[in-house]
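Student: Can you keep this structure in mind? I'll have questions shortly.
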Amino acid sequence: MRTLAYAAFISVDGQPQGPYFLEKLQNNIAMIEGEHNMSLDVSNIDTAWAWTWGQSPYIFSQANNVSQAPMELWRYGDCADGTFTCYVSGGEGAANNLNTNVVLGAQSWFMTHFVNLSLGMVNQLGLVNTTAMLTRNAHLPIHVALDPSVNHYLQDQYVYPTVAVGGGCTGNLPIGNNCSWFANYATWQTGFLAQPTTYSTSAAGSDYGAQALGELSFMTNITVDGYSGLNAYNVYKAANTYLPGLCYGEPQWCILPVP
527 MRTLAYAAFI SVDGQPQGPY FLEKLQNNIA MIEGEHNMSL DVSNIDTAWA
577 WTWGQSPYIF SQANNVSQAP MELWRYGDCA DGTFTCYVSG GEGAANNLNT
627 NVVLGAQSWF MTHFVNLSLG MVNQLGLVNT TAMLTRNAHL PIHVALDPSV
677 NHYLQDQYVY PTVAVGGGCT GNLPIGNNCS WFANYATWQT GFLAQPTTYS
727 TSAAGSDYGA QALGELSFMT NITVDGYSGL NAYNVYKAAN TYLPGLCYGE
777 PQWCILPVP
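Quick note: the sequence shown uses my numbering, first residue 527, plus one each step.
Put into structure tokens, the structure is as follows:
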């Protein structure tokens, strides 16, 4: 998606490449909107088809049980075994700081960061208005940054819980309507085996904190549940004292918000 955006943006005006790449970018975004049962707000000759395909039969669709996802948690198809349990099953839960008594499925947080960074860049370049999708995705990082009931140090964990144990959910894709997403931030936090007491350092081999900062930089004009994205960016940037070192080593993540 990011490469399509670059190609559409830099193509020579008046040549066919730019409109072609833009159309493919629009189709992919329409598919993602369908996957999450959002309203289609991207228009070209193929976007309605792409939206419908994303809703069904796309195997990674979560449209079937979106009403059970009040936290607006995001799910990608990053398990190679045809399930959404790879971060939890086979002993991986303990390795990923997940409580397997309550967590059935989890999501790689850095992959969520990457997609939101790309959506933000697409929006900033003026190619496709992705504000609706960014607003949907902003609930989790903004809450973790500002909500006093949430452990703020969870912002740069490797993975985060998505689907809870129970309801007869098998863990197979596509996600069935008997699968239950975590309903609120209090129960979501119980999905971690141990609560971190600090942010991650670059010495620990983690740059997730810098990626989280970049993600929030594209959400500064968004407010969710009364929490300001700009405030979340500023508070998190000030609180995570490892960010200067992380940004020095990998400045591509440390994006300043557009005024």
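For every residue, glycine included, the Cβ atom is placed at its ideal position computed from N, Cα and C.
1. Go through its chain and collect everything with a Cβ distance to residue 737's Cβ below 6 Å, but skip five positions before and after it.
2. Does the contact criterion of 3 or more C-beta pairs under 8 Å hold for the segment 605–612 versus the segment 574–581?
3. Around the Cβ of residue 751, are there at least 16 other Cβ atoms within 10 angstroms (buried) or fewer (exposed)?
4. Taking 8 Å as the threshold (C-beta atoms), are residue 721 and residue 686 in contact?
5. May I ask you to report which of helix, strand or coil DSSP gives residue 687?
6. Measure the alpha-carbon distance for residue 653 versus residue 627 and round it to whole angstroms.
7. From what residue to what residue does the beta strand (DSSP E) around residue 632 run?
8. Starting from residue 773, follow the alpha helix (DSSP H) in both directions and report where the run begins and ends.
9. Can you list, in chain order, the residues of its chain with a C-beta nearer than 7 Å to that of residue 716? Leave out the 5 residues immediately preceding and following it.
10. Given a cut-off of 8 Å, decide if residue 667 and residue 650 are closer than it, judged by their beta-carbon atoms.
11. Report the three-state DSSP secondary structure of residue 582 (helix, strand or coil).
12. For residue 600, count neighbouring Cβ atoms within 10 angstroms of its own Cβ and tell me buried if that reaches 16, exposed if not.
13. Assuming residue 695 and residue 630 form a contact by the criterion Cβ under 8 Å, report the distance between their Cβ atoms to the nearest whole angstrom.
14. Are the CB atoms of residue 610 and residue 670 nearer to each other than 8 Å?
15. Taking the straight line between their C-alpha atoms, what separation do you get for residue 734 and residue 570?
16. With residue 743 as the anchor, note down where its alpha helix (DSSP H) starts and where it stops.
17. Report all residues from its chain with a CB closer than 8 Å to the CB of residue 768; omit the five preceding and five following residues, and keep chain order.
18. Do you know offhand how far residue 546's Cα is from residue 534's?
19. According to the neighbour-count rule (16 or more other Cβ atoms, all chains shown, within 10 Å of its Cβ), is residue 575 buried or exposed?
20. Would you mind stating whether residue 711 and residue 761 have Cβ atoms separated by less than 8 Å?
21. If I'm right that residue 642 touches residue 708 with Cβ under 8 Å, what's the distance once you round it to whole angstroms?
22. Quick one: is residue 539 near chain B, going by C-beta distance under 8 Å?
Tutor: Reading it off the structure:
1. 636, 639, 779
2. no
3. exposed
4. no
5. When DSSP states are grouped into helix, strand and coil, residue 687 belongs to the strand group.
6. Going by the C-alpha atoms only, they are around 44 Å apart.
7. 629–634
8. 769–775
9. So the qualifying residues of the chain are 625, 628.
10. Residue 650 is not a Cβ neighbour of residue 667, given a cutoff of 8 Å.
11. coil
12. buried
13. 6 Å
14. The Cβ-Cβ distance between residue 610 and residue 670 does not fall below 8 Å.
15. 35 Å
16. 734–743
17. 725, 726, 727, 728, 735
18. Taking the straight line joining both Cα atoms gives about 8 Å.
19. exposed
20. no
21. Incorrect: roughly 19 Å between the Cβ atoms, too far for contact.
22. Of the protein chains in this structure there is only one, and it is not chain B.
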